[in-house]
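Residue numbers (this note's numbering), protein chains in the order written: chain A, 1 to 374; chain B, 1001 to 1307. Beta carbons: idealized from backbone N, C-alpha and C, even for Gly. Below you'll find the structure, written out as structure tokens, and then a few comments.
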Amino acid sequence: MKEFFAFVKKEFLHIFRDTKTLLVLVGLPTALIVLFGFAISTEIRNVNVGVCAPDGDPAVMRLMEKVDKSEYFTYVGRYDSEAGIDRAMRRGEVDAALLFEDDFMSKMMKPGGAEIAVITDATNPNNASMEVMYLTGIVTEYFRDDLQEAAMLNASSAGGNLVPNLRMLYNPQLKSSYNFVPGIMGLILLLICALMTSVSIVREKETGSMEVLLVSPIKPINIVLAKMIPYFVISCVVLVNILLLTIFVLKVPVAGSFFWMILVSVIYIILSLGIGMLVSTLVKTQIIATLICGMLFMVPVMMLSGMLYPIESMPRVFQWLAQLVPAKWFIEAIRKIMIEGVPVRFVLKEMTILVLMATVIFTAAVKKFNDRLE
Amino acid sequence: MDSIQIHGLRKCYRDGVPPAVDLQADISILKGELFGIIGPDGAGKTTLFQMLATLISPDGGTATVEGLDIVKDYRKIRTMIGYMPGKFSLYSDLSVRENLDFFASVFGKDVDSNYGLIENIYCRLKPFEKRKAGKLSGGMKQKLALCCSLIHSPAVLFLDEPTTGVDPSSRRELWENLAELKEKGMTIVVSTAYMDEANRCDRVAMMKSGKFLAIDSPSDIISKFDKSLVAVRSDDMFRLLHDLRSMPETDRCYTFGDTHHVTLKDGTSLQAGEIAARLTGEYGHSGVEARLVKASLEDCYMNLEDR
């Protein structure tokens, strides 16, 4: 046991001497979380909204107040005509506008219904469609709630107003960080565990120190296990760091159980360490280890894990491939626990698959591990 | 008593190429012996060391270290040998002392319990204890590597080219250290490409193309050298080598320091004076000097080839 701890101590020394790498390992997740959380956000904010309501009905103005109150929109002003809105949009004063037809409120009460046009600047189509969605949401809600009484009064004719009932579950504000956080966790943990472990084992082969270590009474498998411990510790620190940032900076609430979320993460960390060890038994140089872990593993994690693109909309072959990506199961499980807040029995499938994958990979790595040079 | 017994070892890395090591004879190395393996680069020294140190397994033949089979009992062997690879293999980012502590604890020992064994070597490193191993000079690195391979007090020590890339005074010190260790009863197997160092060994094995050409004490090897050896020098050394090789009586001719050494074919009786006369007369060399010299280990090695 003393020998083993000497190894662990040595590994920690290696890591702490290499401050730049350590900084990257701890800094990168922070940077990614902040980037995805704020800068690269697909949400809309501070959208300027104008209105064109020819008769200036108080009900319409109340609606605009409501729009202004939402955190996404700012009410800019009233324009006389559609052309006026168009000019304002060209000048950059407004990004979106609501256009009410003449005599809107009275038509509203009639069976034929009334029309509102939602106009948006579709230079950025993603933003435009989101603005339309949000604005429609606010408008429908307004007319449903505020005009309920009015509708009641004209009970018979109100049937013409079919109010669409859209609901965004779990992420009602459509916050993109909800989606990214589990993805980044999957990516970073794999990076630290698989890449760093395999590189640090292969480095010993490359510098020749593995030769000296093998000619010692310590069990070679312990050499490798000792290498995993520091990276396990760092991964846990990074995990805590990500969770703290997520909860306190991005303000993404953890809906489900903390315990199970951590447990799933630990299983995933162990799985990633196993991948690193397996890679290290197969390759001889650090550069190949880096390429395999950095490219061969990172790309599927980004593309096939459901982090960026939904798996359901991929061609069938890629859907099958995605089933083999550990990060896919991890991200799914974390999403379920963290964001949907479901009880643990609904993530048992994901956890079982992760445990199975870890077992297979560790068995393969230990089998492949050679305690001679050849 | 034998510390190492080799019964024909063979290792071939790839089909179609000659084996890296192909020892056919039985060789035994005594306990407490300083055994040298000399040979040029590519002779198979490192492969042989790696086989004896249980790092690679032989394709054929067997060997025992301290009575233990190198294939079956490799775990036990690893507890009792020290191995210093030819390439610097310690941790450059750890300090001198950290390296030493680490390798001691890998063997379940601490530095103090065996400090006596390395004291003479480590005293030179002591002032640099806090320095990173990567920042040491070549000679210092080798001393540290030697300390690290000694710290667990091994019964057998394998040193693969410990003096390559080390300055002459450090080389001398290293050999003195080895002599001291030998006094303490340690079996030491050391390889080198420098013939002059081989004189310090109890016995040397001359290795070439994976085979041992001769195994004996350096003095016996030299005394068994039975040819006449002539050292020749002239003003045009380059042409001289060609001319000497073209003489019908010449068996071998090779450069040795600032002279050419010539061995003569069996049955020819050419005196040094006659060679000098012919070189001046027939070949037109000026400033020719030729004299009979005593063979060195290197001369023996050069003449052992292809036997």
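* To do: Run the CB neighbour count on Met1 (chain A), radius 10 Å, all protein chains shown included, and call it buried at 16 or more, exposed below.
  => exposed
* **Neighbourhood of Gly159 (chain A) by C-beta, 7 Å cutoff - its chain only, sequence neighbours within 5 removed** => Confidence at Gly159 (chain A) is low in this model, with a pLDDT of 43, below 50, so the placement of that residue is unreliable and no value is reported for it.
* What residues from the region 229-255 of chain A come within 7 Å of chain B, judged by C-beta to C-beta, listed N to C? -> none
* **Gln323 (chain A) - containing alpha helix (DSSP H), residue span** => Arg316 to Gln323
* Asked: Any C-beta of chain A sitting closer than 9 Å to the C-beta of Asp1299 (chain B)?
  -> no
* What residue range is occupied by the uninterrupted alpha helix (DSSP H) comprising Ile269 (chain A)? -> Phe258 to Leu282
* Asked: Among B:Asp1266, B:Asp1258, B:Ser1234 and B:Thr1255, which has the Cα closest to the Cα of Pro1248 (chain B)?
  -> B:Asp1266
* Asked: Got a sec, what are the start and stop residues for the beta strand (DSSP E) Tyr75 (chain A) sits in?
  -> Phe73 to Arg78
* Find the residues of chain B that neighbour Arg385 (chain A), judging by a C-beta separation of less than 9 Å, and give them in chain order. => Any question about residue 385 (chain A) goes unanswered here, given that chain A covers just 1 to 374.
* To do: State yes or no: is the C-beta of Met1051 (chain B) within less than 9 Å of the C-beta of Pro1058 (chain B)?
  => yes
* Quick one: give me the first and last residue of the alpha helix (DSSP H) that Ile1006 (chain B) is part of. => Looking at the DSSP string, Ile1006 (chain B) is not in any alpha helix (DSSP H); the run it does join, the beta strand (DSSP E), is Asp1002 to Lys1011.
* Whether Leu1297 (chain B) touches Asp1196 (chain B) by CB criterion (9 Å) -> yes
* Taking DSSP as the reference, what is the three-state secondary structure of Arg45 (chain A)? -> coil
* Nearest to Ile331 (chain A) (by Cα), restricted to the options A:Arg316, A:Lys349 and A:Ala128 -> For Ile331 (chain A), the nearest C-alpha among the options comes from A:Lys349.
* Using a beta-carbon distance cut-off of less than 9 Å, what residues from the region 1254-1287 of chain B approach chain A? -> The region 1254-1287 of chain B vs chain A, Cβ under 9 Å: nothing.
* Any C-beta of chain B under 9 Å from that of Arg316 (chain A) -> no
* Should Ala1053 (chain B) be flagged as near chain A, meaning a C-beta pair shorter than 9 Å? -> For Ala1053 (chain B), the closest Cβ of chain A is nearer than 9 Å.
* To do: Measuring only between beta-carbons, confirm whether Cys1148 (chain B) sits less than 9 Å from chain A.
  => yes
* Asked: How about Leu1181 (chain B) and Leu1213 (chain B): do their beta carbons lie closer than 9 Å?
  -> Between Leu1181 (chain B) and Leu1213 (chain B), the CB-CB gap reaches or exceeds 9 Å.
* **Whether Pro300 (chain A) touches Leu321 (chain A) by CB criterion (9 Å)** => yes
* Excluding the five sequence neighbours on either side, which residues of its own chain have a C-beta within less than 6 Å of the C-beta of Leu1150 (chain B), listed in chain order? -> Gly1082, Leu1117 and Ile1118
* Is the beta carbon of Asn48 (chain A) sitting closer than 9 Å to the one on Val76 (chain A)? -> yes
* Asked: Buried or exposed: which applies to Asp1101 (chain B), given that a residue is buried once 16 or more other Cβ atoms fall within 10 Å of its Cβ?
  -> It is buried - the Cβ of Asp1101 (chain B) has at least 16 other Cβ atoms within 10 Å.
* **Span of the alpha helix (DSSP H), counted from its first residue to its last, around Ala1290 (chain B)** => Element bounds for Ala1290 (chain B): not the alpha helix (DSSP H) but the beta strand (DSSP E), Glu1289 to Leu1292.
* Asked: Is the shortest distance between the beta-carbon of Met1207 (chain B) and the beta-carbons of chain A less than 9 Å?
  -> No, because no Cβ of chain A sits closer than 9 Å to the Cβ of Met1207 (chain B).
* Asked: Touch check for the region 1065-1078 of chain B and the region 1110-1129 of chain B: three-plus C-beta pairs under 8 Å?
  -> No, the region 1065-1078 of chain B is not in contact with the region 1110-1129 of chain B.
* To do: Would you please state the rounded distance, in angstroms, between the beta carbons of Asp1145 (chain B) and Met1186 (chain B)? I believe it to be under 8 Å.
  => Correcting the residue identity first, residue 1145 (chain B) is Ala in this sequence and not Asp. Contact doesn't hold; Cβ gap of about 16 Å is too wide.
* Taking 8 Å as the threshold, find out whether the region 1079-1098 of chain B comes into contact with the region 1134-1144 of chain B through three or more Cβ pairs. => Using a Cβ-Cβ distance cut-off of 8 Å, the region 1079-1098 of chain B and the region 1134-1144 of chain B are in contact, since at least three pairs of beta carbons, one from each stretch, lie closer than that value.
* Asked: Can you find a CB in chain B that lies within less than 9 Å of the CB of Phe7 (chain A)?
  -> Closer than 9 Å to some Cβ of chain B, the Cβ of Phe7 (chain A) qualifies, so yes.
* For Lys1143 (chain B), which residues in chain A fall below 8 Å Cβ to Cβ? -> Ordered by position in chain A, no residue passes the 8 Å Cβ test against Lys1143 (chain B), which lies about 15 Å from the chain.
* **Residue from B:Thr1280, B:Ile1004, B:Asp1110 and B:Val1096 whose Cα sits closest to the Cα of Glu3 (chain A)** => B:Asp1110
* Asked: Between which two residues does the beta strand (DSSP E) containing Met1247 (chain B) stretch?
  -> Looking at the DSSP string, Met1247 (chain B) is not in any beta strand (DSSP E), and its letter there is neither H nor E.
* **Test: Val212 (chain A) CB closer than 9 Å to a CB of chain B** => yes
* Same chain, Cβ closer than 6 Å to Ser157 (chain A), five either side skipped, listed in chain order -> Here the model assigns Ser157 (chain A) a pLDDT of 45, short of 50, so the residue's position is not dependable, and the following value carries that caveat. So the list reads Pro111, once near-sequence residues are dropped.
* To do: Using three-state DSSP, classify Thr352 (chain A) as helix, strand or coil.
  => helix
* Asked: So is Ala1020 (chain B) in contact with chain A if we call contact Cβ pairs under 9 Å?
  -> no
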